[in-house]
Structures are given as structure tokens and as C-alpha cells.
Amino acid sequence: MDAFVLLGSFIALILIGMPVAYALGLSALIGAWWIDIPFDALMIQVAGGVNKFSLLAIPFFVLAGAIMAEGGMSRRLVAFAGVLVGFVRGGLSLVNIVASTFFGAISGSSVADTASVGSVLIPEMERAGYPREFSTAVTVSGSVQALLTPPSHNSVLYSLAAGGTVSIASLFMAGILPGLLLSAVMMGLCMIFARKRNYPKGEVIPLRTALKIAGEALWGMMAMVIILGGILSGIFTATESAAIAVLWSFFVTMFIYRDYKWRDLPKLMHRAVRTISIVMILIGFAASFGYILTLMEIPMKITTAFLTLSDNRYVILMCINVMLLLLGTVMDMAPLILILTPILLPVIIGIGVDPVHFGMIMLVNLGIGLITPPVGAVLFVGAAVGKVTIENTVKALLPFYAALLMVLILVTYVPAISLWLPSIVL
789 MDAFVLLGSF
799 IALILIGMPV
809 AYALGLSALI
819 GAWWIDIPFD
829 ALMIQVAGGV
839 NKFSLLAIPF
849 FVLAGAIMAE
859 GGMSRRLVAF
869 AGVLVGFVRG
879 GLSLVNIVAS
889 TFFGAISGSS
899 VADTASVGSV
909 LIPEMERAGY
919 PREFSTAVTV
929 SGSVQALLTP
939 PSHNSVLYSL
949 AAGGTVSIAS
959 LFMAGILPGL
969 LLSAVMMGLC
979 MIFARKRNYP
989 KGEVIPLRTA
999 LKIAGEALWG
1009 MMAMVIILGG
1019 ILSGIFTATE
1029 SAAIAVLWSF
1039 FVTMFIYRDY
1049 KWRDLPKLMH
1059 RAVRTISIVM
1069 ILIGFAASFG
1079 YILTLMEIPM
1089 KITTAFLTLS
1099 DNRYVILMCI
1109 NVMLLLLGTV
1119 MDMAPLILIL
1129 TPILLPVIIG
1139 IGVDPVHFGM
1149 IMLVNLGIGL
1159 ITPPVGAVLF
1169 VGAAVGKVTI
1179 ENTVKALLPF
1189 YAALLMVLIL
1199 VTYVPAISLW
1209 LPSIVL
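Using the numbering used here, read the sequence shown as starting at 789 and increasing by one per residue.
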């Protein structure tokens, strides 16, 4: 009955259109009233949920990504990707994936990735003879890897939701190979389409021009080196690397590229603060919701239910994947990470799956949800940037969904893809 009151009230509030963050907070209040817990204790959980040093990584990475996204970095990364792969058949679709890989490793955001790379490449691909729906599908699906590779904001959220038992550095390292695998699979699919549909080849860029393009892109790509190099060398923590990334992105944008006007900085800061405020409200209320979940012993009951269903870890992982895929299509990624991690982590530990590995499984699952209707935020952004309908975009995405599911299966059942790098680096 306790679970019905808490989860039922949350679902009911979502169905009547209440924002997820407020639905979490209000259902936590209802749950506290039901089990006779003082509301003061709940408010302490809300304050404690956002009063964590590691959370500073989120606003810093959001701000660094916003500065890079609007400061000319996406255009330079697209040009550099063109140097690397633009000369082969279907080269512009490969450029799209490679540019998304570079930009995702700087911004850590699929939405920013889709908006920045898509605004440059979708019109360019259409002029070269690619269907606009296909161009949009490539952009949308290629941006999923930004959720995996550092500096992924969602890895920080997963670490927080896991109670700090999983280090952010481990998750950053774990996301590199799955992210590269996803990009490689997407590129392979694009090459198949290029041969089948006879998409055009690009031109080989002269060496002098290529070196100039690489030099310009290198300034922005140094952000990846700073983030990973600083963490791996022990010079600074993941949170401190986020602050350094902001300083570097500001320096490059305002003093090297100089494409962004000083008078536009307050507007950029305002947009970043709005995004961060939404995330922090969500984290605070999710902490109170998780507190009531624990008091009601719901995670333990769900663990028992899963283990009753089967004692085979592969069957349980398959069931969890199906559940995450379905939930990812109807709710945004951040609240699902905050809600489901405390519930599913005992199940995962109970069947002997590494929490870092499970973090990657969850991110791939929910990343697919972000490009799937009816509530796919990245899908909507991509369709808006590409100026195509959701229906046509989804139709073009069908083969990409199949490729993404193949990546999900590999990440789920081959733990070494996620765990090899952390084991040798950290």
C-alpha cells in the first residue's frame, strides 16, 4: 500500500501535466504524510540533496558547453571532421557523426550537440543531395554518444543518485569506449546507405588548408585534454576540471575565436542559469523522493521481486533494459536517473553486476529514449533544426534505432566495453 500511495500519486501528478520536479516533491510530501514522517525531515533531505560539492560539476559543464556551442566551436569542429572523413562517399554524413563525437566530448549534452552540429550540417547535407529527413536522423542519432563520453552531465547525476558510491572519474572513463562504439556503428550504417543510395563524395582538402582548419579546431579540442588529462593525472578532480573547462572555453571563445560578442554574454549566462536551476530543483526534490522510497523499503521489495522472477543475471538485465527503454520514451532522462538508480542499484548489485557497468547500460537505454517519441527531447530539437516533421524524422530513424539497440546489447552483455578503461587507467 505504501508503494501504491507514493508511486501512484507521482504518476497521477504527471498525468495531469505537473512538471516532473514538482511531481516528485509533492508525491514525497504525500508519502511522508502517509507514513507519518515530519515534513521537516523531508525539507532537510531537499537541502542536503543539492548541498554536495560534486554537484558543482553540473553548472560548470553546462556553462562550458553553452559557451563552446555559441562561440563558433561547432563550425570549426565540422570543418575539422571534413578534413578527416569528408572525402569518402557519403562523407558529409560521416562528418556529421565525427563532429558530434568531438562536440559531445566538449559539451556533454545531446541537445546542444544536435542544435549546434545540426544547424551547420543539415542545410549543407541537403545542398549536397542528401534527403533532409536522413540528414536530421543522422544528426539526432549521432548525438546520443554525448551522453556517454566525458564530460557527461548524466554521469554526474548517476553518481549522485548512487549515493556517491560510484566515482565520477570511473563513469567518465567507462563512457569512452561505448561512446566510440556507438559512433563507429553509426558511421558504418551511414557508409552502407551511401553505397546503396550513391551519395556524393566530398573533395580532398589541400594540406595547407587542412592544417589551418586543424589548428583552429585544436584550441577547442584542448578542452577534452584538460578535462581527461587533469582527472587522470590527479591534478584536479572531475568537479575542478569542470571549472577549468569554463575558464578555457571562455578564453578560447572570447580571445582566440572572437566570434561571440561581449554584449551577448549576459543572455548566455541567463540561459545557462535557467537550465541549471531546473536541474537543481529536480535533484533536491528527487532526494526527498528517494528518502521516502528508502523508508518504505521499496527498493528492497523490487529487488526481491526481480530475484523471484529469475536468478539469471542475463534475463534480469533484459527485463531491466525493456523497462528502461519503455520509461525512456515517456519521461526525460535526468528524472529517470534520479528516480530509478536508488531502486535498481540493489537489484544490480544483487546479481553481481558492477555499478559502473550498469551506469553505462542506463545511459544508453535512456539515450535511445531521448530520440524516441512521444517525449524525445533530442528528437524534437533535431526536427526543429532540420525543419522536418516528427513523423518523417522517426521514419528515417528506424534503421538507426536498430543500430542503437545492437550497441545496447553489446554494452549490456559485454561488460569489458565499459569496465576495461577504468580498470587500467584508474
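Ideal Cβ placement from N, Cα and C applies to all residues, glycine included. Treat the numbers as computed from the prediction; the structure is a model and nothing was measured.
So what's arginine 996 in DSSP terms, helix, strand or just coil? For arginine 996, the secondary structure class from DSSP, reduced to helix, strand or coil, is helix.
Taking DSSP's pairing of strands, which residues face lysine 989 in a bridge? Arg877
When you compare the CB of arginine 920 with every CB in chain B, is at least one pair closer than 8 Å? Here chain B cannot be found, since the structure has a single protein chain.
Unbroken alpha helix (DSSP H) run spanning tryptophan 821, endpoints: 808-822
Rounded C-alpha distance that separates isoleucine 885 from isoleucine 818: Spanning the alpha carbons of isoleucine 885 and isoleucine 818 requires a straight line of approximately 46 Å.
Alpha carbon to alpha carbon, how far is methionine 831 from leucine 999? Give it in angstroms, no decimals. 56 Å
Status (buried if at least 16 other CB within 10 Å, exposed otherwise) for leucine 1124: buried
Taking the CB atoms as reference points, tell me whether leucine 1185 and isoleucine 1159 lie closer together than 8 Å. yes
Threonine 937 in three-state terms, based on DSSP: coil
Where does serine 947 sit, in a helix, a strand or coil, going by DSSP? helix
Within the region 1150-1198, ranges of the alpha helix (DSSP H) (whole runs, at least 4 residues): 1165-1174
Quick one: Cα of methionine 1119 to Cα of valine 1163, how far? 6 Å
Closest to alanine 1074 by C-alpha separation, out of Ala811, Glu858, Ile804, would be which residue? The shortest C-alpha to C-alpha distance from alanine 1074 to any of Ala811, Glu858, Ile804 is the one to Ala811.
Span of the alpha helix (DSSP H) holding methionine 1057? 1053-1083
Using the rule of at least 16 other Cβ atoms within 10 Å of the residue's Cβ for burial, across every protein chain shown, is phenylalanine 1188 buried or exposed? It is buried - the Cβ of phenylalanine 1188 has at least 16 other Cβ atoms within 10 Å.
Alanine 1172 and threonine 1181: beta carbons closer than 8 Å? no
Let's see if you can read the secondary structure: which residues bound the alpha helix (DSSP H) around asparagine 1240? Since the displayed the chain opens at 789 and closes at 1214, residue 1240 lies outside it and no answer follows.
If you compare alpha carbons, which of Ala900, Gly878, Ala893 is closest to valine 1166? Just measuring C-alpha positions, the residue of Ala900, Gly878, Ala893 sitting nearest valine 1166 is Ala900.
With the cut-off set at 8 Å, would you say isoleucine 1216 and alanine 1026 are in Cβ contact? Because the chain in this structure spans residues 789 to 1214, residue 1216 falls outside the shown range and cannot be described.
Exposed or buried, methionine 1009, counting other C-beta atoms within 10 Å across all chains shown (16 or more means buried)? Flag for methionine 1009 reads buried.
Just curious, the alpha helix (DSSP H) that serine 897 is in, first and last residue? No alpha helix (DSSP H) holds serine 897; DSSP gives it neither H nor E.
Could you tell me the boundaries of the alpha helix (DSSP H) in which serine 1037 lies? 1026-1039
Distance check for valine 1040 and tryptophan 743, CA to CA, integer angstroms please. The chain is shown from 789 up to 1214; residue 743 falls before or after that span and cannot be answered.
Does the region 853-862 come close enough to the region 1052-1062 that 3 or more CB-CB pairs lie under 8 Å? yes
Start-to-end residues for the alpha helix (DSSP H) that takes in valine 793: 790-803
Can you have a look at proline 988 and say buried or exposed, based on whether 16 or more other CB atoms are within 10 angstroms of its CB? It is exposed - the Cβ of proline 988 has fewer than 16 other Cβ atoms within 10 Å.
The alpha helix (DSSP H) enclosing isoleucine 1044, as first and last residue numbers: From DSSP, isoleucine 1044 is part of no alpha helix (DSSP H); its letter is neither H nor E.
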